[in-house]
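Worksheet for the structure shown next.
Residue numbers (the UniProt record's numbering): 1 to 233.
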């Protein structure tokens, strides 16, 4: 249904200061994060050990500014009815602003509208959430000019023994990374999917960043589970 909308009508529906559905936000890996590179990071979201998102600690100032800036725009300026996105205009891949715990953030549509709700990925953190259409707005051009802040990573050498990650494993990993700073070592880079394969080590437990995973790393600790297998590469 979305694809049948007349483009001229669509443009008239979008506020002048907002982006259209065709606009893409830069989602590139930081250029200095190459194999053997190291950085201090915090984990912002865990879907499974091969699908996690991190923030670089060195970018804390930018994020500290960005979050309240977005919330301020949608709490004081972009508040009119015209900023609401009509059901028929919601399209997988489009960027928007959306509420999460009563604050506004940048997001991307990941699935079709279903019962007036849509699956979103919060692009600066990696969270996946179903959100009511009433809590979604067109994204301003200014905010669209800022690259995505969350970086996707995968824990190197750990794989699900049964092919899919168990709920228990993912929940344990989420607890292990909660409110901690990690030393991250980049093992390899998947340039096609924009993913860093990494080793994470709790910075409070290790004075040096590892280049080979062992039991003190998050990778090694997770590999002790019976539903996780350790690969040679």
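From the three backbone atoms N, C-alpha and C, an ideal C-beta is built for every residue, glycine too. Since the model is a prediction, treat every value here as computed from it, not as a measurement.
| query | result |
| --- | --- |
| Determine the burial state of residue 191: buried for a count of at least 16 other Cβ atoms within 10 Å of its Cβ, exposed for fewer. | exposed |
| Sort out for me which residues DSSP pairs residue 81 with in a bridge. | None, per the DSSP bridge assignment. |
| Would residue 155 pass as a contact of residue 49 if the rule is Cβ separation under 9 Å? | yes |
| Residue 115 bridges to which residues according to DSSP? | DSSP lists no partner for residue 115. |
| Can you tell me whether residue 170 is helix, strand or coil according to DSSP? | helix |
| Going by beta-carbon coordinates alone, are residue 100 and residue 122 separated by less than 9 Å? | yes |
| What residues are listed by DSSP as bridge partners for residue 196? | 153 and 189 |
| Can you give, in chain order, each stretch of the beta strand (DSSP E) that sits fully within the segment 37-85 and has at least 3 residues? | 38-48 and 51-56 |
| When you compare only the Cα positions, how much space is there between residue 97 and residue 138? | 6 Å |
| Check this for me: beta carbons of residue 45 and residue 52, under 9 Å apart or not? | yes |
| Could you spell out the range, first to last residue, of the beta strand (DSSP E) harbouring residue 108? | 103-109 |
| From the DSSP output, in three-state form, read off residue 99 for me. | strand |
| Excluding the 5 residues flanking residue 15 on each side, which residues of the same chain have their C-beta closer than 7 Å to its C-beta? | 82, 83 and 138 |
| Quick one, which of 67, 94, 54 and 86 has its alpha-carbon nearest residue 24's? | 94 |
| So residue 118 and residue 126 are in contact, right, with Cβ under 8 Å, and what is the actual spacing, rounded? | At roughly 17 Å, the Cβ-Cβ gap does not stay under 8 Å, so residue 118 and residue 126 are not in contact. |
| Could you check the C-alpha separation between residue 43 and residue 18 for me, to the nearest Å? | 30 Å |
| On a Cα-Cα basis, can you pick out the residue from 229, 144, 55 and 134 that is closest to residue 236? | Nothing about residue 236 can be read from this structure; the chain reaches only from 1 to 233. |
| By DSSP's criteria, residue 132 is part of a beta bridge. Which residues make up the other side? | 117 |
| How far does the alpha helix (DSSP H) with residue 159 in it reach, from first residue to last? | Unbroken run through residue 159 is the beta strand (DSSP E), 158-160; no alpha helix (DSSP H). |
| The beta strand (DSSP E) spanning residue 230 covers which residue range? | 228-230 |
| Could you tell me whether the Cβ atoms of residue 66 and residue 136 are closer together than 9 Å? | no |
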